[in-house]
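A.B. asks: Chains as they are written, first to last, in this note's numbering: chain A, 1 to 263; chain B, 1001 to 1305. Before we start, here is the structure in question, set down as structure tokens.
In structure tokens:
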């Protein structure tokens, strides 16, 4: 498998009133096509910053970020982002939010009917066809997040970037959406980078888990390869010793090697 | 109905001894009118109760106002007309609101329409200038910093202080009062629009960046709908100010208008008409405000107004 996203010696610092704040230093990471990679770490460790650099929303202060062999220059629809707080436009319906993205990405090449079909397909993919004409404030938090995922997937991105996509949801809804995401990713063979602070989520979904040290000046601590066979079943894995092995490896990293002093 | 009442009273009698002890008045009320409080009454009755609860307090307030007014009128020894004589006068006045006996004697309807027309023009011009200006001030920090001292200096000026300038420049009464309306209602629109533009959530702009939307598309799909509730707040404040100011401006400039009419009736010593004018001004202001609140609710998209 070819290298797809590549970060070489990436650092990021912010200039604030109190002076220079170094958020990231010397991050080296390679992501292959079709791979599902999770970034995990304590809050404030800069995992979202890494994601935003890949998205192009931030420019790296040092090093280079490549996607598909080219330097990342600003955000673009080939690197679709699922934002933590869904970021749906409240004045557009669920359909309208997805259509906005579809129209932008495919509008020049395809007919209105094709764009409509793409939007409907994206809604169906996340089981939201019945809510197509509802406004975001009329649907639940889980549904909003599913629309956000559908919007990102409908762009047919080369990489799907997810910033704590399920962080704001209750445990049951989160589990449901994780299962749906597993199916969607298996069906679409998407390359995914996901930021999370949920150990189970990381082990269940990822091919590799990138564990980050604490900030400031955070960097990649360890990378754990998750070799659980796919398709993965939540219930079957509950009693799987390999699963628990991976889980405790991540926990050990987070709570023994890099325990954050109580913030 | 009788059976329901009986059942309800039994229920309210057996439950909640402690509640009755804590709230004796409420409990007594419940015992006397059990059907008003129990949950299993018919929907018609419940609707009726809700309607009564919504209507009775405002009516009581208005009745109190009328009572105080009547008492004050009585003790003034006839110089201030009471509610009844004002009502009689209003009936005569509204029997023919659109008569025309020369330029200085026209029906009250014409006066209201003329005032509304002036407010409409002055306010419309203010919106035409104020809303785009607000967008520019909100978008560009430099322009905002440039105009901040100018706006802070001019905004607290009483609208009527602008009237002589208007008379000087336009050499006519009507454009001068439109000018006063314009200058007093332009500030809330500029400031609210600018605040709205600054408050556009970064998340929405990030969506636009990821999608690489064009500047035009960003404006139509993100900036404009996001700022619209703020703009409407500005419009609502402005129209309130404009309607406040028009009465005073017309008193000074004359012509046909509700403000001039008040002054004219004062010269005629027709105090009933002045009181009627106060009610008209209040009512029209209320209607304008409510119309804009409805409009704002339509465009709030569940974000609250």
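Glycine included, each C-beta is placed from N, C-alpha and C at the ideal position.
According to DSSP, what are the bridge partners of residue 1147 of chain B?
C.D. replies: For the purposes of this step, residue 1147 of chain B is identified with residue 147 of the second chain, where counting begins at 1. In the DSSP output, where bridge partners are listed per residue, residue 1147 of chain B has none listed.
A.B. asks: Have a look at A:251, A:244, A:26, A:210 and flag the residue whose alpha-carbon is nearest the alpha-carbon of residue 35 of chain A.
C.D. replies: Your numbering for residue 35 of chain A matches position 35 in the first chain. Answer by Cα proximity: A:210.
A.B. asks: So residue 1189 of chain B is in the alpha helix (DSSP H); what residue range does that whole segment cover?
C.D. replies: Reading the second chain from its first residue, position 189 is the one you call residue 1189 of chain B. Unbroken alpha helix (DSSP H) run through residue 1189 of chain B: 1173-1198.
A.B. asks: Note down, one range per segment and in chain order, each beta strand (DSSP E) of at least 3 residues found wholly within the stretch 1240-1302 of chain B.
C.D. replies: none
A.B. asks: What residues in its chain sit with their C-beta under 7 Å from that of residue 174 of chain A, if we drop five residues either side in the sequence?
C.D. replies: The residue labelled residue 174 of chain A in the question sits at position 174 within the first chain. Same-chain partners within the cutoff: 166.
A.B. asks: Determine the direct distance from the alpha carbon of residue 1053 of chain B to that of residue 1008 of chain B, and round the result to whole angstroms.
C.D. replies: Looking up residue 1008 of chain B in the second chain gives position 8. Looking up residue 1053 of chain B in the second chain gives position 53. Interpretation of residue 1008 of chain B is limited by its pLDDT of 42, a score under 50 that renders its predicted location unreliable; the figure taken from the coordinates is listed afterwards. In a straight line, the C-alpha of residue 1008 of chain B is about 21 Å away from that of residue 1053 of chain B.
A.B. asks: Kindly list the residues whose CB is nearer than 6 Å to the CB of residue 1014 of chain B, restricted to its own chain and excluding five residues on each side of it in sequence; keep chain order.
C.D. replies: Stepping through the second chain from its first residue, residue 1014 of chain B is reached at position 14. Low per-residue confidence applies at residue 1014 of chain B: pLDDT is 43, beneath 50, and the placement is therefore not dependable enough to give any value.
A.B. asks: When you compare only the Cα positions, how much space is there between residue 1099 of chain B and residue 1267 of chain B?
C.D. replies: For the purposes of this step, residue 1099 of chain B is taken as residue 99 along the second chain, with counting starting at 1. For the purposes of this step, residue 1267 of chain B is taken as residue 267 along the second chain, with counting starting at 1. For residue 1099 of chain B and residue 1267 of chain B, the distance between alpha carbons rounds to 20 Å.
A.B. asks: Taking residue 1154 of chain B as the query, report the chain A residues whose CB atoms sit under 8 Å from its CB, ordered along the chain.
C.D. replies: Taking the first residue of the second chain as position 1, residue 1154 of chain B is located at position 154. Those do not exist, as residue 1154 of chain B stays about 32 Å from chain A at its closest Cβ, beyond 8 Å.
A.B. asks: According to DSSP, is residue 208 of chain A helix, strand or coil?
C.D. replies: As a working mapping, residue 208 of chain A is identified with position 208 in the first chain. Note: residue 208 of chain A maps to strand in three-state DSSP.
A.B. asks: Could you name the residues that DSSP lists as bridge partners for residue 131 of chain A?
C.D. replies: What you label residue 131 of chain A is simply residue 131 of the first chain in a count that begins at 1. DSSP lists no partner for residue 131 of chain A.
A.B. asks: Looking at residue 117 of chain A and residue 98 of chain A, is the spacing between their C-beta atoms short of 8 Å?
C.D. replies: Here residue 98 of chain A corresponds to residue number 98 of the first chain, with the count starting at 1. Here residue 117 of chain A corresponds to residue number 117 of the first chain, with the count starting at 1. It is not a contact, given that the beta carbons lie outside the stated cut-off.
A.B. asks: Starting from the C-beta of residue 87 of chain A, find all residues in its chain whose C-beta is less than 7 Å away, skip the five residues before and the five after it, and write them out in chain order.
C.D. replies: The residue you call residue 87 of chain A lines up with position 87 of the first chain. So the qualifying residues of the chain are 148.
A.B. asks: Less than 8 Å between CB atoms is the rule here; does residue 61 of chain A satisfy it with respect to chain B?
C.D. replies: One-based indexing of the first chain puts residue 61 of chain A at position 61. Closer than 8 Å: no.
A.B. asks: If we define contact as Cβ-Cβ less than 8 Å, is residue 1232 of chain B a contact residue for chain A?
C.D. replies: Position 232 of the second chain, counted from the start, is the residue given in the question as residue 1232 of chain B. Chain A, which has no Cβ nearer than 8 Å to the Cβ of residue 1232 of chain B, makes this no.
A.B. asks: Is the distance from the Cβ of residue 1082 of chain B to the Cβ of residue 1069 of chain B below 8 Å?
C.D. replies: Your numbering for residue 1082 of chain B matches position 82 in the second chain. Your numbering for residue 1069 of chain B matches position 69 in the second chain. Yes, these two residues count as a Cβ contact at 8 Å.
A.B. asks: Contact criterion: CB-CB distance below 8 Å. Does residue 104 of chain A meet it with respect to chain B?
C.D. replies: As a position in the first chain, residue 104 of chain A is number 104, starting the count at 1. Cβ-Cβ to chain B under 8 Å: yes for residue 104 of chain A.
A.B. asks: Can you list, in chain order, the residues of its chain with a C-beta nearer than 7 Å to that of residue 17 of chain A? Leave out the 5 residues immediately preceding and following it.
C.D. replies: Sequence index remark: in the first chain, residue 17 of chain A carries index 17 (1-based). Excluding residues within five positions, none has a Cβ falling inside 7 Å.
A.B. asks: From residue 85 of chain A to residue 1143 of chain B, what distance separates their C-alpha atoms?
C.D. replies: What you label residue 85 of chain A is simply residue 85 of the first chain in a count that begins at 1. What you label residue 1143 of chain B is simply residue 143 of the second chain in a count that begins at 1. The alpha-carbon atoms of residue 85 of chain A and residue 1143 of chain B are separated by roughly 32 Å.
A.B. asks: At a CB distance below 9 Å, what residues from the stretch 1219-1230 of chain B approach chain A? Give them in sequence order.
C.D. replies: From the stretch 1219-1230 of chain B, only 1221, 1222, 1225, 1226, 1228 have a Cβ closer than 9 Å to chain A.
A.B. asks: If you draw a straight line from the C-alpha of residue 78 of chain A to the C-alpha of residue 114 of chain A, how long is it?
C.D. replies: Taking the first residue of the first chain as position 1, residue 78 of chain A is located at position 78. Taking the first residue of the first chain as position 1, residue 114 of chain A is located at position 114. Rounded to whole angstroms, residue 78 of chain A to residue 114 of chain A spans 19 Å at the Cα level.
A.B. asks: Please list, in chain order, the chain B residues whose beta carbon lies closer than 9 Å to that of residue 23 of chain A.
C.D. replies: For the purposes of this step, residue 23 of chain A is identified with residue 23 of the first chain, where counting begins at 1. Simply none; closest approach about 17 Å.
A.B. asks: Between the alpha carbons of residue 1296 of chain B and residue 230 of chain A, how many angstroms are there, rounded?
C.D. replies: Position 296 of the second chain, counting from 1, holds the residue named residue 1296 of chain B. Position 230 of the first chain, counting from 1, holds the residue named residue 230 of chain A. Straight-line Cα distance between these residues: approximately 52 Å.
A.B. asks: What are the partner residues of residue 11 of chain A, as DSSP defines its beta bridges?
C.D. replies: One-based indexing of the first chain puts residue 11 of chain A at position 11. BP columns for residue 11 of chain A point to A:62.
A.B. asks: Among A:8, A:15, A:90, which one has its Cα closest to the Cα of residue 65 of chain A?
C.D. replies: Taking the first chain and counting its residues from 1, the one referred to as residue 65 of chain A is at position 65. For the residues A:8, A:15, A:90, the minimum Cα distance to residue 65 of chain A belongs to A:8.
A.B. asks: Around the C-beta of residue 246 of chain A, are 16 or more other C-beta atoms found within 10 angstroms, so that it is buried, or is it exposed?
C.D. replies: To locate residue 246 of chain A, count along the first chain from 1; it is residue 246. Buried, by the Cβ-count rule.
A.B. asks: Taking C-beta to C-beta, are residue 150 of chain A and residue 81 of chain A nearer than 8 Å?
C.D. replies: Within the first chain, the letter at position 150 stands for residue 150 of chain A. Within the first chain, the letter at position 81 stands for residue 81 of chain A. Taking 8 Å as the Cβ cut-off, residue 150 of chain A and residue 81 of chain A do not qualify as a contacting pair.
A.B. asks: What are the partner residues of residue 330 of chain A, as DSSP defines its beta bridges?
C.D. replies: This structure gives no information on residue 330 of chain A, because the portion of chain A shown stretches from 1 to 263.
A.B. asks: Along the chain, which unbroken stretches of the alpha helix (DSSP H) at least 4 residues long are found entirely within the stretch 143-204 of chain A?
C.D. replies: 171-188
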